[in-house]
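Input: a single structure, listed below in structure tokens.
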Amino acid sequence: MKKILFLFALVLSTTVTFTSCDTDDNVVVQHTDDVMDDDDMTIDPLTADVQLNVPYGDDPQQVYDLYLPAGRSADKTKVIVIVHGGGWIEGDKADVTDIINLLQINNPNHAIVNINYRLATLNTPAFPNQFLDLQSVINQVISQKDTYQILPEFGLIGLSAGAHISLQYDSVYDLDDDVKFVCNIVGPCDFTDPFYQENPNFDLYLATLTDESAYPPGTDLAVALSPALQVSIKTSPTMLFYGNMDDLVPLTNGNTLNTKLETSGIDHQYTIYDGGHGDWNQVQFADLEQKVSIYIDTYLTIAE
């Protein structure tokens with residue numbers, strides 16, 4: 001995953017400086033400046049605004065960073081949400097700041113939300129808590145749409161475990177169709193795949209990650225927690241990026257999701273790179289960057 005982020009950084013042609021702070025501080029930094037002209041009573045366009053570690057729950061990990069573009073308005077500025085990876089047990093929003101830089105360069109008129117979620121422990125399993133954390137973020141941003149001056153339509157960009165969370169949220173939890181597309185970068189999406197099932201410890205690992213009391217008795221967790229197996233006509237347009245030599249998430253996962261999307265008639269785009277779990281070269285990442293930017297402009301269009 002660090003290789004993914006390093007290569008994303010190499011693609012950048014412009015250096016962008018940004019501010020970070022400790023996630024335990026729950027610090028909110030605001031830069032918005034609304035100006036009223038006394039002569040003509042017009043409001044100048046809003047300036048860019050960065051708010052770090054905005055809380056959305058009681059747990060210290062339940063925070064997000066918000067990047068609001070200059071000139072935004074409640075009738076046009078849509079939102080990109082980034083969900084970091086880390087195998088559901090580690091990782092941080094700070095890991096994906098290079099992606100924020102790319103989005104600000106390529107899609108400068110969108111708001112960006114970069115989230116942390118509760119990392120899995122024995123006391124706080126990943127599932128469904130991490131899906132519910134993403135739901136809480138989206139609900140809070142929607143509730144603050146007038147304050148933020150954004151139009152609450154969302155695109156999700158997830159990396160690895162973050163892609164799994166994003167895909168599952170879209171197909172299972174997004175009942176109001178707030179999500180307009182999902183970008184899935186090497187996300188595990190079919191736990192019934194022999195790649196996982198032939199591992200004698202996998203069922204125990206999945207059970208450890210899951211609060212089984214949140215699911216009906218007898219639930220087949222491998223099925224219920226596999227986004228590829230939850231695809232329906234309500235699933236949003238999806239782009240898929242996988243490596244053909246990935247030793248963590250097999251290409252067969254991408255193939256299964258691709259087939260399910262085709263069968264359900266969902267607009268999608270499937271890209272396979274030579275390499276492993278995001279272990280790709282600069283040319284491949286430049287291709288990914290371009291495709292993501294076009295997808296954002298297609299499915300999260302900013303009105304003129």
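According to the UniProt record's numbering, the residues represented by the sequence shown are 1 to 304, in order.
We treat Cβ as the ideally placed atom computed from N, Cα and C, and that holds for glycine.
Asked                                                                                                                      : Found
For Q61, the nearest candidate out of D98, L134 and I100 (CA to CA)                                                        : L134
Closer than 8 Å to chain B by CB, I272                                                                                     : Going by chain labels, chain B is absent from the structure shown, which holds only one protein chain.
Helix, strand or coil at P216 [DSSP, three-state]                                                                          : coil
Residues that DSSP places opposite Q51 in a beta bridge                                                                    : L66
Exposure label - D176; buried when at least 16 CB within 10 Å                                                              : exposed
First through last residue of the beta strand (DSSP E) which encompasses K180                                              : V179 to I185
L206 beta carbon less than 8 Å from that of A222                                                                           : yes
Inter-residue spacing [alpha-carbon to alpha-carbon] between T301 and L156                                                 : 14 Å
8 Å contact criterion, which I185 and G278 should meet: CB distance rounded                                                : 7 Å
Within 8 Å, strictly: CB atoms of W88 and A48                                                                              : no
According to DSSP, residues forming a beta bridge with V83                                                                 : I115 and G158
Cut-off 6 Å between Cβ atoms - residues of its own chain near K145, not counting five sequence neighbours on either side   : P152
Spatial neighbours of G276 in its chain, beta-carbon cut-off 7 Å, leaving aside the 5 residues before and after            : G243, M245, D246 and D247
3 or more residues per run - each beta strand (DSSP E) lying fully within the segment 92 to 140                            : 111 to 115
Identity of the residue in S73, K291, P55 and L251 nearest S160 by Cα                                                      : L251
Own chain residues within Cβ distance below 6 Å of I294, not counting five before or after                                 : none
Rounded separation between D190 and E198 - CA only                                                                         : 13 Å
Where N123 falls, given that 16 or more other Cβ within 10 Å makes a residue buried                                        : exposed
One or two residues paired with F241 in a DSSP bridge                                                                      : I185 and T271
Beta-carbon gap between F154 and V172 smaller than 8 Å                                                                     : no
Residue of I112, T271 and Q290 minimising C-alpha distance to G254                                                         : T271
Limits of the alpha helix (DSSP H) - the one that P60 falls within                                                         : Neither: P60 is in no alpha helix (DSSP H) and is coded neither H nor E.
Beta-carbon contacts of A303 that lie in its chain and below 6 Å, excluding the five residues immediately before and after : K76
contact_flag[the segment 229 to 236, the segment 102 to 113] where n(CB pairs < 8 Å) is 3 or more                          : no
Nearest-angstrom Cα separation, counted from N258 out to F195                                                              : 17 Å
C-alpha gap between T298 and N139, whole angstroms                                                                         : 24 Å
Continuous alpha helix (DSSP H) stretch holding L288: start and end                                                        : Q282 to Y299
Test item: CB-CB of V54 and L66 under 8 Å                                                                                  : yes
Collapsed DSSP secondary structure at T77 in the structure displayed                                                       : coil
Nearest-angstrom Cβ-Cβ length linking Y64 and N101, presumed shorter than 8 Å                                              : With a Cβ gap of about 17 Å, Y64 and N101 do not count as contacting.
Test item: CB-CB of R118 and D174 under 8 Å                                                                                : no
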